[in-house]
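So the structure is just underneath, and the comments pick up after that.
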Amino acid sequence: MAKSKSVIIIGCGIAGPVLAMLLKHKGFDPVIYERHTEIQNAGLILGVSPQTLKVLNILGLAEGAISLGHQVQQLITRSQLTQEILGSRDVSPISQKLGWPMVLVVKRTLYCQYLYDSAVGRGIPVYFGKKVVGVDESESGDRVSAVFEDGMTAEGDLLVGCDGLHSAVRNALFGKEDPRFMGLVQIGGFSPTPESLRNDSKPTGFQIYGDGAHFIGMPVSDTEMVWATTLPSPNEAKEDWQRRSPDETRDMINGLPVSRWENGVEEVIRGTTFITRYGLYDRPVLDTWHKGRSVLVGDAAHPTSPHMGQGANQALEDCYHLVRLLCKSPNLRTSDKLTSNDIETALTQYEHLRIDIVKKTVALAAEEGNRRVISGKKACEERDEMLRNGGGSNPERLKLQMELIQGPSINLGNPESRHRRAGIIVRAGDNNISTPNGALNSGSCVYINQAYTKNIKKARLVESRVECQEESGSLKNRKRIHTLLRILELERTQTQCWQCPKE
450 MAKSKSVIII GCGIAGPVLA MLLKHKGFDP VIYERHTEIQ NAGLILGVSP
500 QTLKVLNILG LAEGAISLGH QVQQLITRSQ LTQEILGSRD VSPISQKLGW
550 PMVLVVKRTL YCQYLYDSAV GRGIPVYFGK KVVGVDESES GDRVSAVFED
600 GMTAEGDLLV GCDGLHSAVR NALFGKEDPR FMGLVQIGGF SPTPESLRND
650 SKPTGFQIYG DGAHFIGMPV SDTEMVWATT LPSPNEAKED WQRRSPDETR
700 DMINGLPVSR WENGVEEVIR GTTFITRYGL YDRPVLDTWH KGRSVLVGDA
750 AHPTSPHMGQ GANQALEDCY HLVRLLCKSP NLRTSDKLTS NDIETALTQY
800 EHLRIDIVKK TVALAAEEGN RRVISGKKAC EERDEMLRNG GGSNPERLKL
850 QMELIQGPSI NLGNPESRHR RAGIIVRAGD NNISTPNGAL NSGSCVYINQ
900 AYTKNIKKAR LVESRVECQE ESGSLKNRKR IHTLLRILEL ERTQTQCWQC
950 PKE
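Positions 450 to 952 (our numbering) are the ones given, in order, by the sequence shown.
Next comes the structure, spelled out in structure tokens:
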């Protein structure tokens, strides 16, 4: 007998496994089909933003993701023409405000493997070597099928295309349309961090704008960096993301304009242990992402250049909102069946919520990509002056950027999974904490920034400074802890967490 909340997911990159886990978390039966024969060992890094960590936290995966990466606390922008610093930004206050790292740099291969392993560990079936050649809907409209190149078909209540830039699901639903080459290529790799660029107290990323080229470097660990340069290219360059041979690596490095730049750039590039070259492509953001019982998520719906660092982050927001809106179906409260009306309502709401903001994101990314390859002394001087004066950011742009990194207000998860706020990591431990206003010990009720935690059994402080107010009285009279820094280990007999009431 067919399952009544079965979901076919096409693609096992980033969005596919997360979507599957969110669906399973809410009682659906997802199955993933991937065209490759294994998880791909390709690409460089991802910048994981707070909105992604909020979604992963629903699944209890945020801390694991953080442990894979490196938190960048400062970003410096330079001019290659004048060697001056055009801007320097400490992102730590934003991280503290949002409760998650503002910039978390994670190797793409580690991240994809982590998500895949997590999905498989939760019992989600994944089938490799399944290339989609068609999508069919039953005559009655109550089922949808994926047709694969090997002759197999898979049937479900809903089909979701998470299959990226070259989405076969998108082509099947809306007609084949080749991605557009944006006239830009990126070359990048990994390298040991030169001594001149190490900053153990405040991990720092930097970018340099030059004449017709841009360079960015980010720490991926205490001793290793990732770097990438953006260059204009009249010739199309396929985005194969594959590792190059030693001879290709040497030739590619020697031909780079940035290989002779100062401020540590030459040291980084000459020490490269891995290099890759890829063209940048996009597709127009569609005005509708669904057809019948099929819908697109992430790059399948809205591929973007990497210059806003939002591609994978926006994909996970898609996943969150899609599941949230499906769960609003009134029929799910009385039965396990998703009707055609339920699906049409949810998918239409999903589009209305997401299309406008991703269109703005894609446009901003394209704008930034073009800015990075401006050529000519006068044009570069004008660009540098704009960056010196705040990057041309107007209030609307700044508002959008903050909206992007903050992400959704989460209401899908288990409340007990949401007690991490403002850099506080909660794990089992021992030793009571003494504070200026008393001890946090068995039975204490306190705020940990935006989470209210009840009945602390044990806690251990890693840093010495703690300033807080004890909780006393009923919930109505509870007081916020003003500053409670770096409590790394807590053990609770009973925990209840809510979002703080607005004050």
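Just so you know, even glycine gets a beta-carbon here, dropped at the ideal spot from N, CA and C.
Practice task
Please state if the CB of L836 and the CB of L535 are separated by a distance shorter than 8 Å.
Solution key: Indexing the sequence shown from 1 puts residue 535 at position 86. Indexing the sequence shown from 1 puts residue 836 at position 387. Yes.
Exercise for the section: State the beta-bridge partners of Y563 as determined by DSSP. Expected result: Along the sequence shown, read from residue 1 onward, the residue named residue 563 stands at position 114. Looking at the DSSP assignment, Y563 forms no beta bridge with any residue, so it has no partner.
Exercise for the section: Decide if G590 is buried, meaning its Cβ has at least 16 other Cβ atoms within 10 Å, or exposed. Expected result: Here residue 590 refers to the residue found at position 141 when the sequence shown is read from its first residue. That one is exposed.
Handout entry: Per-residue burial, F577 [other beta carbons within 10 Å of its own, 16 or more giving buried]
Key = By 1-based counting over the sequence shown, the position of residue 577 is 128. When all chains shown are included, F577 counts as exposed.
Exercise for the section: Please list, in chain order, all residues of the same chain as A814 whose beta carbon is under 6 Å from its beta carbon, the five residues on each side excluded. Expected result: Along the sequence shown, read from residue 1 onward, the residue named residue 814 stands at position 365. Same-chain partners within the cutoff: T753, S754, H756 and M757.
Problem - Selected residue, minimal CA-CA separation from Y579, among R571, G600 and I804 - result: Residue numbering aside, residue 579 sits at position 130 when the sequence shown is read from its first letter. According to the sequence displayed, residue 579 carries Lys and not Tyr. Among R571, G600 and I804, the Cα nearest to that of K579 belongs to G600.
Problem - Span of the beta strand (DSSP E) around E586 - result: In the sequence shown, residue 586 corresponds to position 137, counting from 1. Unbroken beta strand (DSSP E) run through E586: V581 to E586.
Practice task
Classify I806 as helix, strand or coil using the three-state DSSP reduction.
Solution key: Locating residue 806 in the sequence shown gives position 357, counting from the first residue. The answer is helix: DSSP assigns I806 an H, G or I state.
Problem - Cβ-based burial, R719 [other Cβ within 10 Å; buried from 16] - result: By one-based count along the sequence shown, residue 719 stands at place 270. Exposed.
Problem - Alpha carbon of T558 to alpha carbon of A491, nearest angstrom - result: For this step, residue 558 is matched to residue 109 along the sequence shown. For this step, residue 491 is matched to residue 42 along the sequence shown. Those two C-alpha atoms are separated by around 6 Å.
Exercise for the section: Please list, in chain order, all residues of the same chain as G476 whose beta carbon is under 7 Å from its beta carbon, the five residues on each side excluded. Expected result: Here residue 476 is taken as the residue at index 27 of the sequence shown, counted from 1. Contacts found: K454.
Problem - Stretch pair the segment 541-555 + the segment 512-522: three plus CB contacts closer than 8 Å - result: yes
Exercise for the section: Please classify L517: does DSSP put it in a helix, a strand, or coil? Expected result: Position 68 of the sequence shown, counted from the first residue, corresponds to residue 517. Note: L517 maps to helix in three-state DSSP.
Handout entry: Endpoints, the beta strand (DSSP E) within which M601 is located
Key = By 1-based counting over the sequence shown, the position of residue 601 is 152. Note, M601: premise wrong, no beta strand (DSSP E); not H, not E.
Practice task
With DSSP collapsed to three states, give me the class of S789.
Solution key: Position 340 of the sequence shown, counting from 1, holds the residue named residue 789. In this structure, S789 counts as helix in the three-state DSSP scheme.
Exercise for the section: Enumerate in chain order the residues of its own chain whose CB-to-CB distance from V593 is below 8 Å, with the five nearest sequence positions on each side excluded. Expected result: Walking along the sequence shown from the start, residue 593 turns up at place 144. If we look at V593 and ignore the five residues flanking it on each side, its Cβ neighbours are I457, V584, D585, E586, S587, E604, G605, D606, L607, L608, G741, R742 and S743.
Problem - Distance, H519 Cα to T486 Cα - result: As a working note, residue 486 is residue 37 in the sequence shown. As a working note, residue 519 is residue 70 in the sequence shown. Going from the Cα of T486 to the Cα of H519 covers about 30 Å.
Practice task
Please go through the same chain and pick out, in chain order, the residues whose beta-carbon is closer than 6 Å to the beta-carbon of S544, but skip the five residues on each side of it.
Solution key: In the sequence shown, counting from the first residue as 1, residue 544 sits at position 95. Excluding sequence positions up to five before and after S544, its CB lies within less than 6 Å of the CB of P550 and M551, all in the same chain and listed in chain order.
Problem - For M631, the three-state DSSP class (helix, strand or coil) - result: Numbered from its first residue, the sequence shown carries residue 631 at position 182. Three-state result, M631: strand.
Practice task
Following the continuous beta strand (DSSP E) through I494, name the residue where it begins and the one where it ends.
Solution key: Locating residue 494 in the sequence shown gives position 45, where the first residue counts as 1. Run containing I494: I494 to V497, per the beta strand (DSSP E) assignment.
Handout entry: C-beta atoms of R629 and R732 nearer than 8 Å
Key = By one-based count along the sequence shown, residue 629 stands at place 180. By one-based count along the sequence shown, residue 732 stands at place 283. With respect to the 8 Å criterion, R629 and R732 are classified as neighbours on the basis of their beta carbons.
Problem - Stretch-stretch touch, CB-based, cutoff 8 Å, three pairs: the segment 461-469 with the segment 609-621 - result: yes
Practice task
Let me know the secondary structure DSSP gives I457 once reduced to three states.
Solution key: For this step, residue 457 is matched to residue 8 along the sequence shown. I457 falls in the strand class under three-state DSSP.
Exercise for the section: Could you spell out the range, first to last residue, of the beta strand (DSSP E) harbouring M674? Expected result: Here residue 674 refers to the residue found at position 225 when the sequence shown is read from its first residue. Residues E673 to P681.
Practice task
Pull up the CB-CB distance for I702 and S708, whole angstroms please, since I reckon it's below 8 Å.
Solution key: For the purposes of this step, residue 702 is taken as the residue at position 253 of the sequence shown. For the purposes of this step, residue 708 is taken as the residue at position 259 of the sequence shown. Confirmed, Cβ separation roughly 6 Å.
Problem - Span of the beta strand (DSSP E), counted from its first residue to its last, around H663 - result: Translated into positions along the sequence shown, residue 663 becomes position 214. Start and end: H663 to P668.
Practice task
Could you tell me which of K777, G465, P706 and D696 sits nearest to D566, measuring between CA atoms?
Solution key: Along the sequence shown, one-based indexing puts residue 566 at 117. Here the closest residue by C-alpha is G465.
Handout entry: Three-state secondary structure assigned by DSSP to I463
Key = Taking the sequence shown and counting its residues from 1, the one referred to as residue 463 is at position 14. Correct three-state label for I463: coil.
Exercise for the section: Identify, in the order they occur along the chain, each residue of the same chain with its Cβ nearer than 6 Å to the Cβ of G638, setting aside the five sequence neighbours on each side. Expected result: Residue 638 sits at position 189 when you count from the first residue of the sequence shown. Closer than 6 Å at Cβ, skipping near neighbours: T721, F723 and I724.
Problem - Distance, D478 Cα to Q750 Cα - result: Residue mapping note: residue 750 aligns to position 301 of the sequence shown, counting from 1. Residue mapping note: residue 478 aligns to position 29 of the sequence shown, counting from 1. One point to set straight first is that residue 750 is Ala, not Gln, in the sequence displayed. C-alpha separation (whole angstroms): 23 Å.
Problem - S537, enclosing beta strand (DSSP E) - first and last residue - result: As a first step, residue 537 is located in the sequence shown; it is residue number 88 there, counting from the start. Counting along the chain, the beta strand (DSSP E) containing S537 begins and ends at I534 to D539.
Exercise for the section: Could you check what DSSP says for D606 in three-state terms: helix, strand or coil? Expected result: If you number the sequence shown from 1, residue 606 lands on position 157. The answer is coil: DSSP assigns D606 none of H, G, I, E or B.
Handout entry: Top-ranked residue by Cα proximity to E834, from L524, S528, A677 and P574
Key = Looking up residue 834 in the sequence shown gives position 385. Residue nearest to E834 within the set L524, S528, A677 and P574 is S528 (criterion: CA-CA distance).
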